[in-house]
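Take the sequence shown: its letter number 234 is residue 228 in my numbering, and every next letter is one higher.
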Amino acid sequence: LFKEQWIYKSSWDWQVYPIIRLDFNVPKDEDLKQYIKNRLKNIANTYQIFTQDEYENYSYADYFRTIIEKLHTTYNQQVVILIDEYDKPILDVIDDVALALKKRDILKGFYTVMKGVDECLRFVFLTGVTRFSKVGVFSDLNNLTDISMTSRFATICGVTQTELELYFRDDIEQLAQTQNLSVVDCMQKIKHWYNGFCFNRNAVSVYNLYSTILLLYNQEFSNYWFTSGSPSFLMKLIKKETNLELFKFDNYQLYASQFETFEIDNLNLTAILFQAGYLTIKGYIVEKDRYILSYPNLEINKSFKKNVFELFSTAPDTNQNLLSNIADALTENDVEVVIDYLKQIFLNIDYDVKISYERHYQSIIYLIFQLLGYQINMEYKTNIGRIDAIIQTNTHIYIFEFKLDESAQIALNQIKDKSYLERFLIHKKPITLIAINFSSKLRNIDDHIIEVVP
């Protein structure tokens, strides 16, 4: 593994241990118990510690225990266990709670084996996305340490600013030349696109290594995270989330306790978005023991919103064209045409997507204008209320008020009664009031009023 690397040629005193290495990236339709036995059989064959007949006589858990014990006695060394994606079999079926619980119980039978053979183990390392309770890892293996959010290991999964400048200087200078930028401006652009991941409240942020390497290799800024694909389990959770408020992820607060172990049938989507890399730590409120979360950088911000927009749609390509049409119409200040295109996008919303409350429609409107590159402020606070949405362009100001199963007139009256527009008169730009009513029956806009302030 380390040939061609500095450590391979160094004076490091390599100690050899028998290793059990497992990857739980299992095809979701495959029998999990049989998969475990087959993988363990390959390891046993490598070390020549089992015969075929012996293999058949054991359950998957007993086989695991016996392999550990035989490796320990045969080699007179403690065993190293490396497990990648410990929770993947559960995540793959997270939308089917009964099946997820069944797979959880199988994994519990496997992981709890390690507690009974502790004296045979030198080192155990597991990776995964989230902390599931009752899997036998966090509850039963009390000698494991979760290093996910500890300061000591906070930069282990990325590149720090110091490392970037030290080891990639030549590549960055070449990129700056290619992009016709100064090195300082180029460095700032790299930071804006790919830096910002933070895994501890006191830690420095790190760059996404995958995207940074591809940037320097291709010599082009691009959304590399999006092309690598999003975890399917995450998209399933988002699709069925009943409390989804996308506009709140720009500055979301979460108690420290909410990062702890989860029940399969009661998952915290925001905490999982953090663990999956879509949100990161931006601050910490000591007196409240509360984290402030947001998107790490431009790349993740764009990736997440593009993924969700496509997830919601039954016609992604059509909706992409509609987005372009909305941008053109707004440039021409043709709000009536913008509304027509918005209606067409709502017609393409997947029926399985939960849009039962006003905040769900708000989230989709927010998503649309964010993807178009507009700065849209949701639930903008005034002295006597909150404006549902504000868009400010170089030439115009648009004030939105939304209602569900009421009327556009009620929405317009609220804008006027609460004097939402007064604080924007100072900007000396044309102001357009847009009152929209959504129909829960039609799952679309059924009434709207557009009024330009003289």
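The beta-carbon is built from N, C-alpha and C at its ideal position, and this holds for glycine as well.
Being a predicted model, the structure only gives us computed values, none of them experimental.
C-beta atoms of residue i and residue j nearer than 8 Å
i, j, result
"Ile88", "Phe227", "yes"
"Asn85", "Tyr105", "First, the residue type needs correcting, since residue 85 is Leu and not Asn in the sequence shown. No, the Cβ-Cβ distance between Leu85 and Tyr105 is not below 8 Å."
"Glu373", "Leu406", "no"
"Val332", "Ile349", "no"
"Leu261", "Leu267", "no"
"Val153", "Leu203", "yes"
"Ile77", "Ile61", "no"
"Asp399", "Ser357", "no"
"Asp164", "Lys233", "no"
"Ile409", "Ile393", "yes"
"Asn245", "Ser288", "yes"
"Asn217", "Lys296", "yes"
"Gln403", "Ile430", "no"
"Asn32", "Lys82", "no"
"Thr149", "Ala197", "yes"
"Arg59", "Val111", "yes"
"Phe303", "Tyr355", "no"
"Phe147", "Ile275", "no"
"Phe256", "Ser142", "no"
"Phe220", "Lys102", "no"
Distance between beta carbons of residue j and residue i, contact taken as under 8 Å
i, j, result
"Gln252", "Ala265", "5 Å"
"Phe396", "Glu352", "6 Å"
"Glu293", "Tyr360", "No, Glu293 and Tyr360 are not in contact; Cβ-Cβ is about 19 Å, not under 8 Å."
"Ile343", "Phe298", "Their Cβ separation, rounded to whole angstroms, is 18 Å, which puts Ile343 and Phe298 out of contact at 8 Å."
"Val107", "Ala55", "5 Å"
"Leu231", "Leu263", "6 Å"
Local conformation of residue i per DSSP, three classes
i, result
"Val74", "strand"
"His421", "helix"
"Thr458", "Any answer about residue 458 is impossible in this case: the structure gives the chain only from -5 up to 448."
"Val446", "strand"
"Met108", "helix"
"Ser318", "helix"
"Lys(-3)", "coil"
"Met181", "helix"
"Arg163", "helix"
"Gln247", "strand"
"Tyr218", "helix"
"Ala38", "helix"
"Ala170", "helix"
"Thr274", "strand"
"Asn371", "strand"
Pick from the options that is closest to residue i, judged by C-alpha positions
i, options, result
"Leu138", "Ile62, Arg125, Ile150, Tyr188", "Arg125"
"Ile428", "Ile385, Lys183, Ser53, Leu65", "Ile385"
"Ile100", "Ile339, Arg116, Val129", "Val129"
"Gln72", "Ile13, Tyr57, Leu93, Leu26", "Ile13"
"Leu209", "Tyr11, Leu158, Lys276, Asp382", "Leu158"
"Arg98", "Lys35, Leu263, Asp259", "Asp259"
"Gly340", "Phe(-4), Ala309, Gln403", "Strictly speaking, residue 340 in this sequence is Phe, with Gly absent from that position. The shortest Cα separation from Phe340 among Phe(-4), Ala309, Gln403 belongs to Ala309."
"Tyr414", "Ile378, Gly190, Phe193, Arg59", "Ile378"
"Leu167", "Ser127, Gln213, Cys151, His186", "Residue 167 is actually Glu in this sequence, not Leu. Nearest C-alpha to Glu167: Gln213."
"Lys64", "Asp90, Thr45, Phe(-4)", "Thr45"
"Tyr211", "Ala170, Gly190, Thr236, Leu240", "Ala170"
"Tyr201", "Lys242, Phe256, Asn291", "Asn291"
"Ile425", "Ser401, Asp441, Lys412, Thr389", "Thr389"
"Ser401", "Asp311, Asp322, Asp441", "Asp441"
"Lys96", "Tyr335, Asn237, Leu26", "Leu26"
"Gly190", "Ser222, Thr40, Cys151", "Cys151"
"Ala38", "Glu24, Tyr69, Phe(-4), Ala383", "Tyr69"
Own chain, CB closer than 7 Å to residue i, minus 5 neighbours either side, in chain order
i, result
"Leu317", "Ile362, Leu365, Leu366"
"Phe117", "Val74"
"Tyr249", "Asp283, Arg284"
"Arg437", "Phe340, Ile343, Ile349"
"Tyr11", "Gln71, Gln72, Val73, Val74, Arg116"
"Arg417", "Thr376"
"His66", "Gln72, Val73, Cys114"
"Asp328", "none"
"Ser53", "none"
"Arg15", "Leu76"
"His186", "Asn291, Leu292"
Same chain, Cβ closer than 6 Å to residue i, five either side skipped, listed in chain order
i, result
"Tyr278", "Arg195, Tyr285"
"Asn313", "Ser307, Ile339, Asn342"
"Leu324", "Val332"
"Phe119", "Leu76"
Proximal residues to residue i (C-beta, below 8 Å), its chain only, five neighbours per side dropped
i, result
"Lys183", "Gln173, Leu175, Phe215"
"Thr206", "Val153, Leu158, Phe162, Ile184, Tyr188"
"Thr121", "Ile77, Asp78, Glu79, Tyr80"
"Pro225", "Leu85, Val123, Ala270"
"Lys412", "Thr376, Ile378, Gly379"
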